[in-house]
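Sequential numbering of the sequence shown, starting at 28, is according to the numbering used here. All C-beta atoms in this analysis are idealised placements derived from N, C-alpha and C, irrespective of residue type, glycine included.
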Amino acid sequence: MLSKWNDPLSIAIPATNSQLFSQPDNINPAIELDAVSTPETIEALPPIDPNDKRIVNAKTDINQLAPFKYGWAWEFFLNANKNHWTPLDINMAQDVHDYRHKLTTEERHVYENVLAYLTTSDILAMRNIGLAVMEKMSAPELQIYQARQVFEEALHTWTYQHCIETIGIDQSEIYNRYRVVPEIYGKIKLANEKLSQVIDNNLDLTNRDNLQQFAMSYLFFAAVFEGCWFYNGFSPIFALQRRGLMKGTGEQFQYIMRDEVQHCAFGLRVIRQLLKEESLTLDPVAVQSMWEEAEAAEVAYAHYILKDPILGYSAEDHIGQFRFIANRRAKQLQLAEPFPGATNQLDWLDEQASMRKEKNFFETRVTEYQTGAALTW
Ligand SMILES: [Fe+2]
Ligand SMILES: [Fe+2]
28 MLSKWNDPLS IAIPATNSQL FSQPDNINPA IELDAVSTPE TIEALPPIDP
78 NDKRIVNAKT DINQLAPFKY GWAWEFFLNA NKNHWTPLDI NMAQDVHDYR
128 HKLTTEERHV YENVLAYLTT SDILAMRNIG LAVMEKMSAP ELQIYQARQV
178 FEEALHTWTY QHCIETIGID QSEIYNRYRV VPEIYGKIKL ANEKLSQVID
228 NNLDLTNRDN LQQFAMSYLF FAAVFEGCWF YNGFSPIFAL QRRGLMKGTG
278 EQFQYIMRDE VQHCAFGLRV IRQLLKEESL TLDPVAVQSM WEEAEAAEVA
328 YAHYILKDPI LGYSAEDHIG QFRFIANRRA KQLQLAEPFP GATNQLDWLD
378 EQASMRKEKN FFETRVTEYQ TGAALTW
């Protein structure tokens, strides 16, 4: 027997042709021939019609990217990839000093509890998009943006962890805080309730009741959870940042907020398209009830984190801003304003959240991390 000296895993080669082709006497050649399958004739498929794509329950091949039906979803993906950052890029040295020597007890209470809420929220967000929503989308351009979104939510969780670790906050305590503080747990509990029903991968979306439930669940996630609770959730830290405190954390949150604004905008766009394609109508009573439940949870949370107001920010500011942003989200969906008459409590927030303006003020490194064209706000 011969073998290749330089390929020890190659099979040994018989020395002669007779060894190579000889068969044991007990094998019937006719049976062997029958066992060999002949190649199946594969017929060509017709090209896909992009009109057959659907947000859910597509009527065409889900693995073919183009022609696009939802070109806007692909644009979201391209835009998201213009912004690459990690929490390690931002200098947190001054924050360590501020936390230890400059923040008041009340300000430290705000800072820690905002982190305690957000860190759990972002894991919940990652799981909801990755395990519940993305799996039900039936056009690849939608799923591709959501794959990016899953990564961004994980990045946000890393950011909070980086802040907690750098500042030196007791991790075992801070990560358990949402469980032991009812006012924080109230928001997480409500989100779990609203989202848990659709995390079932066997949910049959050809059933109209299930589809309606999915639309309401996604509405809660995009409009309330990301569109209000995250958007508004960073405000107390931006209030510190405006006063020159915890500027590193503030900058980290600006990066996160930029992602969250896109997540919310994408989610609302998906919902509008879903309602149109499936001829669904949201029950206005159920929608109003959703806003009021979210408001009740936010009020309790605000009164806990700001039981003693800090300079330039109060529970009333936080709650009023929640109502104002909720109206904005409802209008984006052509829904009735849930809190008529709510006014902008934080007229500095949109500007504060804008990275390009902050760059000039704090002379940070934002421009270098904007690897493509600027996002529009
Ligand atoms: Fe996030
Ligand atoms: Fe998000």
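Check your understanding: Which residues does DSSP pair with TYR245 in a beta bridge?
Key -> Position 218 of the sequence shown, counted from the first residue, corresponds to residue 245. Residue pairing of TYR245 in beta bridges, as defined by DSSP: absent, with no partner found.
Practice item. Please indicate yes or no: does the CB of PHE257 lie closer than 7 Å to some heavy atom of ligand 1? Key: Walking along the sequence shown from the start, residue 257 turns up at place 230. With a threshold of 7 Å, the Cβ atom of PHE257 counts as near ligand 1, since some heavy atom of the ligand is closer than that.
Check your understanding: Who pairs with TYR340 in a beta bridge, going by DSSP?
Key -> To locate residue 340, count along the sequence shown from 1; it is residue 313. Note: TYR340 sits in a beta bridge opposite ILE337.
**Study point:** Supposed close pair ILE346, GLU133 - CB separation, criterion 8 Å
**Key:** Position 319 of the sequence shown, counted from the first residue, corresponds to residue 346. Position 106 of the sequence shown, counted from the first residue, corresponds to residue 133. Beta-carbon to beta-carbon, ILE346 and GLU133 are separated by about 18 Å, too far to satisfy the 8 Å threshold.
Point to revise | Contained beta strand (DSSP E) runs [length at least 3] in the segment 51-135, N- to C-terminal order | key: If we require 3 residues or more, the segment 51-135 turns out to have no beta strand (DSSP E) run fully inside it.
Check your understanding: Would you say GLU378 touches ligand 2, meaning its beta carbon is less than 7 Å from a heavy atom?
Key -> For the purposes of this step, residue 378 is taken as the residue at position 351 of the sequence shown. The answer is no for GLU378.
Review point. Under the three-state reduction of DSSP, which class applies to ASP377: helix, strand or coil?
Key: What you label residue 377 is simply residue 350 of the sequence shown in a count that begins at 1. It is helical.
Check your understanding: Within 10 angstroms of its Cβ, does GLN348 collect 16 or more other Cβ (buried), or is it exposed?
Key -> Start at 1 with the first residue of the sequence shown, and residue 348 comes out as number 321. GLN348 should be labelled buried.
Review point. Is the number of C-beta pairs between the segment 119-137 and the segment 268-282 that are closer than 8 Å three or more?
Key: Contact between the segment 119-137 and the segment 268-282 is present: 3 or more CB-CB pairs across the two stretches fall below 8 Å.
Practice item. Would you check whether ligand 2 has a heavy atom nearer than 7 Å to the C-beta of GLN176? Key: The residue given as residue 176 occupies position 149 in the sequence shown. Correct: GLN176 has its Cβ closer than 7 Å to ligand 2.
Review point. In whole angstroms, what is the alpha-carbon distance linking ALA249 and GLN91?
Key: Here the question's residue 249 lines up with position 222 in the sequence shown. Here the question's residue 91 lines up with position 64 in the sequence shown. The straight-line gap from Cα to Cα measures roughly 26 Å.
Check your understanding: Can you list, in chain order, the stretches of the beta strand (DSSP E) that have 3 or more residues and sit fully within the segment 259-337?
Key -> Fully enclosed beta strand (DSSP E) runs of 3 or longer: not present.
Check your understanding: Hey, quick one: how far does the alpha helix (DSSP H) through CYS190 stretch, first residue to last?
Key -> Stepping through the sequence shown from its first residue, residue 190 is reached at position 163. From DSSP, the alpha helix (DSSP H) with CYS190 extends over 167-194.
Practice item. Taking PRO209 as part of the alpha helix (DSSP H), name the residues at either end of that continuous run. Key: As a working note, residue 209 is residue 182 in the sequence shown. Segment 209-223, the alpha helix (DSSP H) holding PRO209.
Practice item. Please list, in chain order, all residues of the same chain as GLU210 whose beta carbon is under 6 Å from its beta carbon, the five residues on each side excluded. Key: Locating residue 210 in the sequence shown gives position 183, where the first residue counts as 1. Excluding sequence neighbours, GLU210 sits near ALA327, TYR328, TYR331.
Review point. To the nearest angstrom, how far is it from the Cα of ILE226 to the Cα of ALA159?
Key: Within the sequence shown, residue 226 is the residue found at index 199, counting from 1. Within the sequence shown, residue 159 is the residue found at index 132, counting from 1. Cα-Cα distance, rounded: 4 Å.
Check your understanding: Looking at C-beta atoms only, is the number of pairs between the segment 155-170 and the segment 346-365 that lie closer than 8 Å three or more?
Key -> The segment 155-170, when compared against the segment 346-365, does not touch it at the 8 Å Cβ threshold.
**Study point:** Assigned secondary structure, LEU142 (DSSP; H/G/I helix, E/B strand, else coil)
**Key:** Walking along the sequence shown from the start, residue 142 turns up at place 115. In this structure, DSSP gives LEU142 a helical state, which the three-state scheme calls helix.
Practice item. Measure the alpha-carbon distance for LEU115 versus GLU168 and round it to whole angstroms. Key: Here residue 115 refers to the residue found at position 88 when the sequence shown is read from its first residue. Here residue 168 refers to the residue found at position 141 when the sequence shown is read from its first residue. Cα to Cα, the separation comes out at about 30 Å.
Practice item. Tell me whether THR113 is buried or exposed, calling it buried when 16 or more other Cβ atoms sit within 10 Å of its Cβ. Key: As a first step, residue 113 is located in the sequence shown; it is residue number 86 there, counting from the start. When all chains shown are included, THR113 counts as exposed.
Check your understanding: Taking contact to mean at least 3 C-beta pairs separated by less than 8 Å, is the segment 183-190 in contact with the segment 290-302?
Key -> These segments do not touch.
Point to revise | Three-way DSSP call (helix, strand, coil) for ASN234 in this model | key: One-based indexing of the sequence shown puts residue 234 at position 207. Looking at ASN234 - three-state DSSP - the assignment turns out to be coil, as it is neither helix nor strand.
Review point. Any heavy atom of ligand 1 closer than 7 Å to the Cβ of GLU162?
Key: Within the sequence shown, the letter at position 135 stands for residue 162. At a cut-off of 7 Å, the beta-carbon of GLU162 does not count as near ligand 1: no heavy atom of the ligand is closer than that.
Point to revise | Cβ pair GLY277, LEU267 closer than 8 Å | key: Within the sequence shown, residue 277 is the residue found at index 250, counting from 1. Within the sequence shown, residue 267 is the residue found at index 240, counting from 1. Yes.
Review point. Hey, TYR245 and GLU287: beta-carbon distance below 8 Å or not?
Key: Here the question's residue 245 lines up with position 218 in the sequence shown. Here the question's residue 287 lines up with position 260 in the sequence shown. The answer is no: Cβ separation not under 8 Å.
Review point. CB-CB under 6 Å to ASN234, same chain, minus the five flanking residues each way: which ones, in chain order?
Key: In the sequence shown, residue 234 corresponds to position 207, counting from 1. Excluding positions up to five away in sequence, the list is empty.
Check your understanding: With LYS214 and TRP256 assumed to form a contact (beta carbons below 8 Å), what rounded beta-carbon distance in angstroms separates them?
Key -> Within the sequence shown, the letter at position 187 stands for residue 214. Within the sequence shown, the letter at position 229 stands for residue 256. Between TRP256 and LYS214 the Cβ distance is about 7 Å, and since that is below 8 Å, they are a contact.
Exercise for review: Verify the contact flag: ALA321, CB atom, against every heavy atom of ligand 2, threshold strictly below 7 Å.
Suggested key: The sequence position of residue 321 within the sequence shown is 294, counting from 1. ALA321: no, Cβ never under 7 Å from ligand 2.
Exercise for review: Quick one: residues in its chain with C-beta nearer than 7 Å to the C-beta of ASN237, no 5 flanking neighbours on either side, listed in chain order?
Suggested key: By 1-based counting over the sequence shown, the position of residue 237 is 210. Cβ neighbours of ASN237 beyond the five flanking positions: LEU230, ASP231.
Exercise for review: Could you tell me whether any non-hydrogen atom of ligand 1 is closer than 7 Å to the CB of HIS183?
Suggested key: Walking along the sequence shown from the start, residue 183 turns up at place 156. Yes, the beta carbon of HIS183 sits closer than 7 Å to at least one heavy atom of ligand 1.
Check your understanding: Beta carbon of GLU278: closer than 7 Å to some heavy atom of ligand 1?
Key -> Counting from one through the sequence shown, the residue named residue 278 turns up at place 251. No - ligand 1 has no heavy atom lying nearer than 7 Å to the Cβ of GLU278.
Exercise for review: For PHE48, name the three-state secondary structure that DSSP assigns.
Suggested key: Here residue 48 is taken as the residue at index 21 of the sequence shown, counted from 1. At PHE48 the pLDDT is 43, less than 50, meaning the model places this residue with poor confidence and gives no usable figure here.
Check your understanding: Any idea if LYS96 is buried or exposed, counting beta-carbon neighbours within 10 angstroms, 16 or more meaning buried?
Key -> On the sequence shown, residue 96 is found 69 positions in, with the first residue counted as 1. So LYS96 counts as buried.
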